[in-house]
Structure formats: C-alpha cells, structure tokens
Amino acid sequence: MVDFFAKKYDCTCIKEAVSGTTLNALNPQSYVERFNRYLASPEKAEHLDGFICQLSTNDTRNADAYGIVMPNFITASDAFDVNTTFGAIEYIIATAKETWDCPVYFYTNPPYGKSDYDKMVQGLYQIAEKWGITVIDLHADEAFNDITPEQRALYMDDTIHPTKAGYREWWLPKFAEAILPAAEQ
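The sequence shown begins at 242 in my numbering and counts up by one.
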C-alpha cells in the first residue's frame, strides 16, 4: 500500500515491514527494535510529515503481554514497557512525536475472527485518545467492510494479508481519506 500511496500522491515514503514481527519487543525483529535501529542509523529522516504504524495482528500470539495503557500524565518514551503491546505502541508514539513532532496514525486490519485483536483495537483507541493520534480503523468500519465475497477474494490473499489489488483499490482510498486534505485526494 505504501508503494501505491507514494506513486499516486507523488510523495516519499519510508517503508519498514518484516513479516511475522510484533509490536512488543519480545523478539529481536519487533517493531520497537527495528524502529530503534532506524533512529540510530545514518538513514534516519530529519523530518516526517506523518508516521503510520500497523496494529500488528501478530501480537495476538501474546495476548497475555498486551500490558496496560499508562495514565495520561506519563508521556516520556522511556516510561513504557516495550515488552508489552500497549507499552510498545505508546513508546513508538512518544518517540515519533519527540523525534519528528508529526501526526501519528495507527491502522487496524479488517476483521479476521480473532477476539484478541478486538481487545487490542479497544486498547489502541484508549491510547489514541490519550495521545491525540488518528486511528485508520479498517477493523470496525462497516462501510469499508461491506464488500462482496468476490471482492474479498480479489482483495485478500488470506484472512489477514491483502493482495496488490486490495492495497490499491480497497485500502489506499481509506488511507488517503484519513491522511490527505480533501483537495489532494
């Protein structure tokens, strides 16, 4: 989807995706570990217009490691337990805001029948309210998910992963709607 977004809207995007990883830092390829390596690298961008992160479906494998949403007054990046999903989310938001002072967006996957993911989405909304970030909610958007079985077969490779057509034709318009001013869509 990032590649389609960059091409359609003539912007530069930095994509960092590794299959099978989690937000929480329970593995060496977690979002947090890769984010920290990027921040320490010479490739680190000096400015971002926005930061977008996925609410990882892989974190449902560690439902007992979701953690808690910290109270509103706790906002320093080093205050969060990155070994928990919610702590990792708050750490990523705090660090992105401290580093680039840009809008932060988290997106959810369309529904795929995992009640543990529903719990993560609820936690994400609590975090979003605390931090004033935008959730691009592909999970609960009824209009977005009101597609035919034929469209679902075209747009999804399996219950979690979109096809190229799914990214381009189904997801891209939702991201553009959330991120871009109406005049640019």
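For glycine and all other residues, C-beta sits at the position ideal for the given N, C-alpha and C.
Check, Outcome
"Can you tell me whether SER356 is buried or exposed, with buried defined as 16 or more other CB within 10 angstroms of its CB?", "exposed"
"Excluding sequence positions up to five away, which residues of its chain have a Cβ less than 8 Å from the Cβ of LYS248?", "none"
"Answer yes or no: do TYR348 and GLN295 have a C-beta to C-beta separation smaller than 8 Å?", "yes"
"Once you ignore the five residues that flank ALA369 on each side, which residues in its own chain have a CB closer than 6 Å to its CB?", "VAL376"
"Figure out for me which residue from ASP382, THR340, ASN324 and ASP378 has the closest Cα to the Cα of ALA317.", "THR340"
"Would you mind working out which of ASN324, TRP372 and ILE255 sits nearest PHE292, comparing C-alpha positions?", "ILE255"
"Grouping DSSP H, G and I as helix and E and B as strand, with all else coil, what is PHE276?", "helix"
"Locate the beta strand (DSSP E) running through GLY401, then write down its first and last residues.", "In the sequence as displayed, the identity of residue 401 is Ile instead of Gly. Segment: none, ILE401 is in no beta strand (DSSP E) and carries neither H nor E."
"Quick check on the DSSP output: the alpha helix (DSSP H) that includes ARG359 runs from which residue to which?", "Position check: residue 359 holds Asp in this sequence, whereas Arg was assumed. Where ASP359 is concerned, the enclosing alpha helix (DSSP H) stretches over 356–372."
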